[in-house]
Amino acid sequence: MEQGILLSAENLDFMIHGVFSYTLFGQTVWITTSHVCILIVFLVLIGFFIAARITMNKASEVPGTFQNIIELIVEKLDGMVEGVMGKWSPKFRNYIGTIFLFILLSNISGLFGLRPPTADYGTTLALGLITFTLIHYNQFKYQKVKGVIKGLCDPWPIWAPINIIGDCAVPISLSLRLFANVLSGLVMTTLVYGLLGKLAVIWPAALHVYLDLFSGAIQTYVFCMLTMTYITNACNTD
Amino acid sequence: MDFNENFILGCSAIGAGLAVIAGIGPGVGQGIAAGHAAAAVGRNPGAKSDVTSTMLLGQAVAETTGLYGLLVAMLLMFVKPLV
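Protein chains in written order, with my numbering: chain A, 174 to 411; chain B, 162 to 244.
Written out as structure tokens, the structure reads:
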């Protein structure tokens, strides 16, 4: 196809690719590029955590650079959880901190040449379902069965189906929000690189700052905030 | 009746274009949120960081409906469910 430099559309590529497949109970299961990218993100995070553990084991009164960074991250995350969850924060700060770091690193991994794992609906749906499970586990634990039934029949008992649909919409909207934001950023940067070809030299850095860094950080914050709000609502008995 | 594949692809493109009109709603909503946040900061400059984080949270939630439209458009363009 004759398209010149401006429209080299055939190197547009933001799809998920299969790496290899295997058969499990008669179903063909694919290991895709998302799995590989998640694995890389996990390895980087685990390496960071091990380094942090080693540093904190010999923590000094006057902190060095790396110790300062770790303390800053932990204090900020704890402060965020404390501000929203109040008295429930000690139980959930581990989980919220973990998913915050994981989603943040996944969202900005587009900067390092990976396809962001959160631009795969499988990843974000899994995160949304974990939130869903936590909400309902804690609801049954703290409000007991009576409280759950009372919550379902909130204004009148006839509203129970609508409340059930609303409960089921929570993980779907949480996961779709994160997925669509990261995917739109990925598609836009790919379009710029693919369609402008050789003209896209230095200035796409500004696009990356907005679409990868800013949007990714905001969506991470929103996902964690909403998860914390829902869980706090489920824990409060009144 | 059966249609030509190219006809269906063209109609999918038109549908994708119509689907991203959904972006109007979040645009208006985010603008209203930002305007009120600016007014709030003008009235109480000390609360700037709180106002900003609340505004960003609300805007990100309001963005969701627009993103649903974008998802529909992308499904029509790249997954081609109707062909």
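By construction, the Cβ of each residue, glycine as well, lies at the ideal position given by its N, Cα and C atoms. Computed from a prediction, not measured in an experiment: that's the story for all the values here.
* When DSSP labels each residue in this structure, what does Gly191 of chain A get in the three-state scheme? -> For the purposes of this step, residue 191 of chain A is identified with residue 18 of the first sequence, where counting begins at 1. Correct three-state label for Gly191 of chain A: strand.
* Can you find a CB in chain B that lies within less than 9 Å of the CB of Leu356 of chain A? -> Within the first sequence, residue 356 of chain A is the residue found at index 183, counting from 1. Yes, Leu356 of chain A lies at the interface with chain B (some Cβ there is under 9 Å from its Cβ).
* Asked: If we ignore side chains and look at the alpha-carbon of each, how far apart do Phe187 of chain A and Thr215 of chain B end up?
  -> As a first step, residue 187 of chain A is located in the first sequence; it is residue number 14 there, counting from the start. As a first step, residue 215 of chain B is located in the second sequence; it is residue number 54 there, counting from the start. Between Phe187 of chain A and Thr215 of chain B, the alpha-carbon positions lie close to 33 Å from each other.
* To do: Compare the Cα-Cα distances from Leu278 of chain A to each of A:Trp261, A:Val321, A:Ile219, A:Thr196 and report the closest residue.
  => For this step, residue 278 of chain A is matched to residue 105 along the first sequence. The candidate whose alpha carbon is nearest that of Leu278 of chain A is A:Ile219.
* Asked: Does DSSP put Thr410 of chain A in a helix, in a strand, or in coil?
  -> The residue given as residue 410 of chain A occupies position 237 in the first sequence. Thr410 of chain A falls in the coil class under three-state DSSP.
* **alpha helix (DSSP H) segments (min. 4 residues) lying fully within the region 308-386 of chain A** => Qualifying alpha helix (DSSP H) stretches, in chain order: 333-369, 377-381.
* Asked: Rounded to a whole number of angstroms, what is the C-alpha to C-alpha distance between Ala194 of chain B and Asn336 of chain A?
  -> As a working note, residue 194 of chain B is residue 33 in the second sequence. As a working note, residue 336 of chain A is residue 163 in the first sequence. Cα to Cα, the separation comes out at about 28 Å.
* Thr226 of chain B lies in the alpha helix (DSSP H); which residues open and close that run? -> Position 65 of the second sequence, counting from 1, holds the residue named residue 226 of chain B. Start and end: 225-235.
* Helix, strand or coil for Leu197 of chain A, going by three-state DSSP, please let me know. => Within the first sequence, the letter at position 24 stands for residue 197 of chain A. Correct three-state label for Leu197 of chain A: strand.
* Closer than 8 Å, Cβ to any Cβ of chain A: which residues of the region 221-236 of chain B, in chain order? -> Those residues of the region 221-236 of chain B that come within reach of chain A (Cβ to Cβ, closer than 8 Å) are Ala221, Val222, Glu224, Thr225, Leu228, Tyr229, Leu231, Leu232, Met235.
* **For Val217 of chain A: DSSP bridge partner residues** => In the first sequence, residue 217 of chain A corresponds to position 44, counting from 1. Val217 of chain A pairs with nothing; no bridge assigned.
* To do: List the residues of chain A that Leu218 of chain B touches, going by C-beta distances under 8 Å, in chain order.
  => Translated into positions along the second sequence, residue 218 of chain B becomes position 57. Within 8 Å Cβ-Cβ: Tyr394, Val395, Met398.
* To do: Check whether the Cβ of Phe168 of chain B lies closer than 9 Å to any Cβ atom in chain A.
  => Sequence index remark: in the second sequence, residue 168 of chain B carries index 7 (1-based). Taking Cβ atoms only, chain A never reaches closer than 9 Å to Phe168 of chain B, which makes this a no.
* Anyone know if the C-beta pair for Thr412 of chain A and His190 of chain A falls short of 9 Å? -> Chain A is shown only over 174 to 411; residue 412 of chain A falls outside these bounds and no answer can be derived.
* To do: Run down chain B in chain order and give the residues with a C-beta less than 8 Å from the C-beta of Val360 of chain A.
  => Within the first sequence, residue 360 of chain A is the residue found at index 187, counting from 1. What Val360 of chain A touches in chain B: Met235.
* To do: Could you name the residues of the region 362-396 of chain A whose beta carbon sits closer than 7 Å to any beta carbon of chain B, in the order they occur along the chain?
  => Taking 7 Å as the Cβ-Cβ cut-off, the region 362-396 of chain A approaches chain B at Ile391, Gln392, Val395, given in chain order.
* Asked: Would you say Phe164 of chain B reaches chain A, if we count a Cβ-Cβ gap shorter than 9 Å as a contact?
  -> Locating residue 164 of chain B in the second sequence gives position 3, counting from the first residue. No, no contact with chain A.
* To do: Have a look at Asn406 of chain A and Asp251 of chain A and give me their C-alpha separation to the nearest angstrom.
  => For the purposes of this step, residue 406 of chain A is taken as residue 233 along the first sequence, with counting starting at 1. For the purposes of this step, residue 251 of chain A is taken as residue 78 along the first sequence, with counting starting at 1. C-alpha separation (whole angstroms): 19 Å.
* **Cβ-based neighbour list, Ser262 of chain A, same chain, cut-off 7 Å, excluding 5 preceding and 5 following** => Sequence index remark: in the first sequence, residue 262 of chain A carries index 89 (1-based). Counting only residues of its own chain and dropping the five nearest sequence neighbours on each side, Ser262 of chain A has a CB closer than 7 Å to the CB of Val254, Glu255.
* Using a threshold of 9 Å, state whether the C-beta atoms of Gly295 of chain A and Val343 of chain A are closer than that. => Within the first sequence, residue 295 of chain A is the residue found at index 122, counting from 1. Within the first sequence, residue 343 of chain A is the residue found at index 170, counting from 1. No, these two residues do not count as a Cβ contact at 9 Å.
* Within-9 Å CB hit, Ala353 of chain A to chain B -> Working through the first sequence from its first residue, we reach residue 353 of chain A at position 180. At least one chain B Cβ lies under 9 Å of Ala353 of chain A.
* To do: Check the Cβ-Cβ distances between Arg226 of chain A and every residue of chain B, and say whether any is below 9 Å.
  => Position 53 of the first sequence holds residue 226 of chain A. Chain B, which has no Cβ nearer than 9 Å to the Cβ of Arg226 of chain A, makes this no.
* Asked: In this structure, does DSSP put Val209 of chain A in helix, strand or coil?
  -> Here residue 209 of chain A refers to the residue found at position 36 when the first sequence is read from its first residue. Of the three classes helix, strand and coil, the one that applies to Val209 of chain A here is helix, per DSSP.
* Let me know the secondary structure DSSP gives Val202 of chain A once reduced to three states. => Counted from its first residue, the first sequence places residue 202 of chain A at position 29. Three-state DSSP puts Val202 of chain A in a strand.
* **C-alpha distance - Ile389 of chain A paired with His309 of chain A, whole-angstrom precision** => On the first sequence, residue 389 of chain A is found 216 positions in, with the first residue counted as 1. On the first sequence, residue 309 of chain A is found 136 positions in, with the first residue counted as 1. With the sequence shown as reference, residue 389 of chain A is identified as Gly, and Ile is not the correct amino acid for it. Each residue's Cα considered, the two are about 28 Å apart.
* Asked: For the region 346-362 of chain A against the region 315-323 of chain A, are there 3 or more C-beta pairs whose distance is under 8 Å?
  -> With a cut-off of 8 Å, the region 315-323 of chain A and the region 346-362 of chain A do not count as touching, because too few Cβ pairs lie within range.
* May I have the straight-line CA-CA distance separating Ser194 of chain A from Trp203 of chain A, to the nearest angstrom? => Start at 1 with the first residue of the first sequence, and residue 194 of chain A comes out as number 21. Start at 1 with the first residue of the first sequence, and residue 203 of chain A comes out as number 30. The alpha-carbon atoms of Ser194 of chain A and Trp203 of chain A are separated by roughly 4 Å.
* Asked: How close, in whole Å, do the beta carbons of Ala441 of chain A and Cys326 of chain A come, if the pair is a contact with beta carbons under 8 Å?
  -> Outside the displayed range of chain A (174 to 411) lies residue 441 of chain A, so it cannot be described from this structure.
* Start and end of the alpha helix (DSSP H) containing Phe239 of chain A? -> By 1-based counting over the first sequence, the position of residue 239 of chain A is 66. From DSSP, the alpha helix (DSSP H) with Phe239 of chain A extends over 238-258.
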